[in-house]
């Protein structure tokens, strides 16, 4: 058996955060940026901002993170005007909560088509106010976008959060990054305060592998019941999706760091598979598709909750999962925040999977294709959004 370590791409979430901070603090040096198309789009867009042009059109395609982060960053670019647009799907993804928060600070942002959605016209200005209130129950990226620009605001920023928090580890990741760079951040109950920071100490960041991308290899290890080694990970990772290690213990896979950045995935001897599993993914919604398809492949009933953010991703992931898993003959139920596989029986395999322009749909159903090679996955190239060479590496 080939146990050559599989090189997982660098974290897109970390890369995109650091790119915004590097724009604000140019002495920040980055190594091993993600090869994801989303990261490339953000990096290219940031280079545009460094030009002397006072008017610019920026199209970020499907890159949702870039849309949120740039909406905040462009608002700071005094005396410059921008049109920020994206794909047709991006024009359906809400951004009103972030825009209203920025407008509380004094940002000049208007909608060019439908209120609450891109495209946006942004006229950069000085954001002099230092406190805002924002809901935290829709998307963590709204809050992260504000946290990333906060050190550059004239008076820093105090964010008052309302509602139940979703995807909390992504906000904690951002805060950890800021603190690591020497930026003062204070958290107290429902308030996050970031202090103005003129300069940071010169620092080189070596970006680790992406735990979300690693999840598909956990799925492969589980359905094939074989050992795998993945690499580029830190034992003290600040990525929330590192919880995949705990989740997959319930699916028969244990994890062990065998070297500084190498992780051995190994089937648990004499493992007794459960008939039903429940996972609350309020903090790790990007793992929903991986867990759902793995449970289906193993014939395990599955109840996933905390999924309310999935409806505003690249596609409505809850509906997409239901559509595609039912093609196999499974019985699937969804609501606004949960998914249940009540009859995980695969009765058909000569089928075609639609991917809905969503990279995670393609990669999660690749787990099932390992068992049923006759499955056809439409538009496999959609994986370039986060994992361009996925299909080359996902061969066993």
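In the numbering used here, the protein residues as written are 157 to 552.
Ideal placement from N, C-alpha and C gives every residue a C-beta, glycine not left out.
Own chain residues within Cβ distance below 6 Å of residue i, not counting five before or after
i           : result
residue 212 : 204 and 238
residue 399 : 440
residue 489 : 496
residue 473 : 466
residue 285 : 261 and 262
residue 198 : 172, 175 and 222
residue 401 : 411
Sequence-distant residues of the same chain with beta carbon closer than 7 Å to residue i, five excluded per side
i           : result
residue 105 : Examination of residue 105 is not possible in this model, given that the chain is present from 157 through 552 alone.
residue 380 : 526 and 552
residue 362 : 187 and 188
residue 464 : 322, 492 and 493
residue 350 : 303, 306, 307, 312, 313, 334, 339 and 341
residue 536 : 518 and 547
Span separating the alpha-carbon of residue i from that of residue j
i           : j           : result
residue 327 : residue 484 : 37 Å
residue 201 : residue 287 : 28 Å
residue 372 : residue 336 : 30 Å
residue 221 : residue 297 : 7 Å
residue 157 : residue 520 : Note that residue 157 scores a pLDDT of 47, beneath 50, so its modelled location is shaky; the value from the coordinates is reported in the next line. Taking the straight line joining both Cα atoms gives about 23 Å.
residue 255 : residue 181 : 24 Å
residue 375 : residue 461 : 19 Å
residue 219 : residue 196 : 10 Å
residue 541 : residue 160 : 25 Å
Per-residue burial, residue i [other beta carbons within 10 Å of its own, 16 or more giving buried]
i           : result
residue 480 : buried
residue 347 : exposed
residue 280 : buried
residue 354 : exposed
residue 172 : buried
residue 532 : exposed
residue 232 : buried
residue 403 : buried
residue 504 : exposed
residue 357 : exposed
Supposed contact pair residue j and residue i - C-beta distance, whole angstroms, cut 8 Å
i           : j           : result
residue 365 : residue 167 : 7 Å
residue 511 : residue 518 : 5 Å
residue 553 : residue 301 : Lying before the first or after the last residue shown, residue 553 is absent from the chain, which here runs from 157 to 552.
8 Å CB neighbourhood of residue i in its chain, flanking five on each side removed
i           : result
residue 162 : 373, 384, 385, 386, 387 and 549
residue 482 : 488
| beta strand (DSSP E) runs contained entirely in the segment 364-392, provided each spans 3 or more residues | Fully enclosed beta strand (DSSP E) runs of no fewer than 3 residues occupy 384-387 of the segment 364-392, in order along the chain.
| task | Return the chain-ordered ranges of every alpha helix (DSSP H) run that is complete within the segment 438-517 and spans a minimum of 4 residues. | result | 444-454 and 473-482
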